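This report concerns only the one structure given below.
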Ligand code: URA
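In our numbering, the protein residues as written are 1 to 228.
Encoded structure:
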């Protein structure tokens, strides 16, 4: 039996990760969550429940990368407490359609957070990621952006989404990419292109198959989340 909080051997060791990639602590509890969502026999209700649990952990970890400022408060005892307060405004941007599933997790943690959307699809002629639609908060250039996409495969969509954000004036170092499962190919494409962005992922898998699915992965995230 694996003891809680020991590093588990079945996860690919991150090895030489770029310095802007952060992973969740590899506990037995986290691996149990991932085991459930990877299982092809997990039903849709459980898939939603357990992916939501991981998304919440990821969002909390993403918020750890935001700045704080000194803040002093008085407690009901009349004592003073020297603490910190949140600094800087945030918004979420989901990469449709799978990223939309992460919006609720962000809203649970950040009340009335503004959320934009970006739709990117493969151009059938050129095989390149192409922007189809975007709706972003008008003041996005002055906010930290939590960019949401659960699966980082080749990295094409995430790279295009970051390009859209920077074109809207968001500095690269204010983008925090939040992701459930990544693979080395996607990590090196995205973080190589944008070294100042921060990426938070829950798990790094082995790689891609010939259809650009992550292996072992969990299959098609959107299909498992939205299709009965
Ligand atoms: N998107 C998915 O939903 N699954 C993968 O394995 C890769 C991209």
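Glycine is no exception: its CB is placed at the ideal position from the N, C-alpha and C atoms.
Fair warning: this is a prediction, and the values are worked out from it, not measured in the lab.
* Asked: Of all the options 131, 34 and 92, which has the alpha carbon lying nearest to the alpha carbon of residue 182?
  -> 34
* Asked: residue 133 by DSSP, collapsed to three states: which one?
  -> strand
* Quick one: residues with CB closer than 5 Å to any heavy atom of ligand 1, in chain order, please. => 151, 153, 213, 214, 217, 220 and 221
* Should residue 221 be labelled buried (16 or more other beta-carbon atoms within 10 Å of its own) or exposed? -> buried
* Report, in whole angstroms, the separation of the C-beta atoms of residue 176 and residue 147, which I expect to be a contact under 8 Å. => 7 Å
* Tell whether a beta-carbon distance below 8 Å holds between residue 158 and residue 173. => no
* To do: Indicate the three-state DSSP secondary structure (helix, strand or coil) for residue 211 in the structure shown.
  => coil
* **Neighbour-count burial assignment, residue 161, 16 or more Cβ in a 10 Å radius** => buried
* Euclidean distance between Cα positions of residue 79 and residue 73 -> 9 Å
* Asked: I think residue 51 touches residue 127, with their Cβ atoms under 8 Å apart; what is that distance to the nearest whole Å?
  -> That belief does not hold up - the Cβ atoms of residue 51 and residue 127 are roughly 29 Å apart, past 8 Å.
* Nearest-angstrom Cα separation, counted from residue 155 out to residue 187 -> Going by C-alpha positions, residue 187 is about 7 Å away from residue 155.
* Inter-residue Cα distance where the pair is residue 152 and residue 70 -> 36 Å
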